[in-house]
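Chains A and B, in that order, give the protein sequences. Positions in the first sequence are counted from 1; adding 10 to them yields the numbering used here. Positions in the second sequence are counted from 1; adding 10 to them yields the numbering used here.
Protein chains: 2
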Amino acid sequence: MGYEAINLIDKFARIDAQWSPRVVAEMNDVQFKLAKIEGEFIWHRHDDTDEVFIVIEGRLVLEFRDGRVELGSGEMFVVPRGVEHRPIADGECRIMLVEPRGVVNTGDAGGDRTAPNDLWV
Amino acid sequence: MGYEAINLIDKFARIDAQWSPRVVAEMNDVQFKLAKIEGEFIWHRHDDTDEVFIVIEGRLVLEFRDGRVELGSGEMFVVPRGVEHRPIADGECRIMLVEPRGVVNTGDAGGDRTAPNDLWV
């Protein structure tokens with residue numbers, strides 16, 4: 011049988027839009043998504059799930075209502091369920107998101123920054 | 011409130027044993043574990059869950075009964091539930107495992123390679 015590694019660099023090269031997470035793998039009901047992001051996102055929260063951010067390349071700021079955390083390459087953070095947050099990246103940043111299948115990027119906020127869900131790359 | 015990034019390099023520096031996964035984060039019931047591995051592990055499977063391997067540094071071979079996959083830095087693979095596998099690393103390899111809380115490293119096989127579970131670093 012053929013087994014193939016999932017190469018993150020190769021997957022990123024095939025992502026043609028910012029702020030549009032693409033699924034690269036599933037473990038049970040959990041999805042691993044890659045996203046290219048740049049600039050400011052909107053404030054939102056996910057009431058039903060924690061959300062993991064892992065920075066693969068670049069720098070990411072996660073703003074909270076009462077603080078912030080800055081992540082560089084090889085750093086991660088778990089945003090607890092229900093906590094409002096806003097991702098910001100000064101330059102293009104490449105991140106991996108880990109969260110259950112079905113989570114939408116804009117959470118409770120909706121609006122025109124909502125990306126198509128469950129797109130694979 | 012204070013928010014702190016989880017730095018994978020810093021965490022690896024604090025892991026003093028090979029083949030002993032250490033938890034660095036949880037998302038819902040899913041744990042993110044780091045492990046330093048070198049040499050051959052034992053054949054085993056996890057009947058109740060898929061298991062994610064992400065190589066942070068080094069090279070990892072996952073052997074299966076009917077094939078194998080080799081992973082370098084920045085590559086990942088999802089071992090489906092129930093599939094027998096054996097990790098092998100020629101030199102020390104640093105990996106992230108993602109799997110539900112409670113999964114034991116030796117799966118169904120047990121034995122003296124079984125590491126303490128739920129150790130955090």
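For each residue, glycine too, the CB sits at the ideal point set by N, CA and C. Predicted model only: the values in this text are computed from it and were never measured.
Of the residues the options, the one placed nearest residue i, counting alpha carbons only
| i | options | result |
| --- | --- | --- |
| B:D59 | B:V40, B:E48, B:I66 and B:W53 | Looking at the sequence itself, residue 59 of chain B is Thr, so the reference to Asp does not match. When each option's Cα is compared against that of B:T59, the closest is B:V40. |
| A:F42 | B:N127, B:A99, B:V62 and B:G112 | B:V62 |
| B:D57 | B:F87, B:M106, B:W29 and B:R91 | B:R91 |
| B:L70 | B:P97, B:D118 and B:G84 | B:P97 |
| B:N115 | B:D100, B:A15 and B:E94 | B:E94 |
| A:E50 | A:L72, A:A27 and A:D76 | A:L72 |
| A:D12 | B:I66, B:P110, B:C103 and B:D76 | The question names Asp, but residue 12 of chain A in the sequence shown is Gly. Comparing Cα positions, the closest option is B:D76. |
| A:G120 | A:G101, A:R55, A:V79 and A:D100 | A:R55 |
| B:N17 | B:I66, B:S30 and B:I52 | B:I66 |
| A:I105 | A:A15, A:I47, A:I25 and A:A27 | A:I47 |
| B:P126 | B:G82, B:W29 and B:I64 | B:W29 |
Contacts that residue i makes with chain B (C-beta to C-beta distance below 8 Å)
| i | result |
| --- | --- |
| A:D60 | E36, M37 and N38 |
| A:G84 | N17, L18, I19 and I66 |
Contacts of residue i in chain B (Cβ-Cβ under 7 Å)
| i | result |
| --- | --- |
| A:V79 | Y13, E14 and A15 |
Contacts that residue i makes with chain B (C-beta to C-beta distance below 9 Å)
| i | result |
| --- | --- |
| A:F87 | Y13, E14, A15, I16 and A35 |
Contact list for residue i against chain A, beta-carbon separation under 8 Å
| i | result |
| --- | --- |
| B:G92 | Here the premise fails: no neighbours, minimum Cβ distance about 12 Å. |
Where residue i sits in the DSSP three-state scheme
| i | result |
| --- | --- |
| B:L18 | helix |
| B:V113 | coil |
| B:L107 | strand |
| B:W130 | strand |
Any alpha helix (DSSP H) of 4 or more consecutive residues that is wholly inside the stretch 55–105 of chain A: You should have found no qualifying run.
Could you list the residues in the stretch 11–25 of chain B with a C-beta less than 8 Å from some C-beta on chain A, going in chain order? Answer set for the stretch 11–25 of chain B: M11, G12, Y13, E14, A15, I16, N17, L18 and I19.
Could I get the ranges of all uninterrupted beta strand (DSSP E) runs contained in the stretch 23–51 of chain B, with 3 residues as the minimum, in chain order? The DSSP assignment places 32–37 and 40–50 as complete runs of the beta strand (DSSP E) inside the stretch 23–51 of chain B, in order along the chain (cut-off: 3 residues).
Residues, ordered as in the chain, of the stretch 101–130 of chain A that lie near chain B by beta-carbon distance below 8 Å: Here the close residues are V108, E109 and P110.
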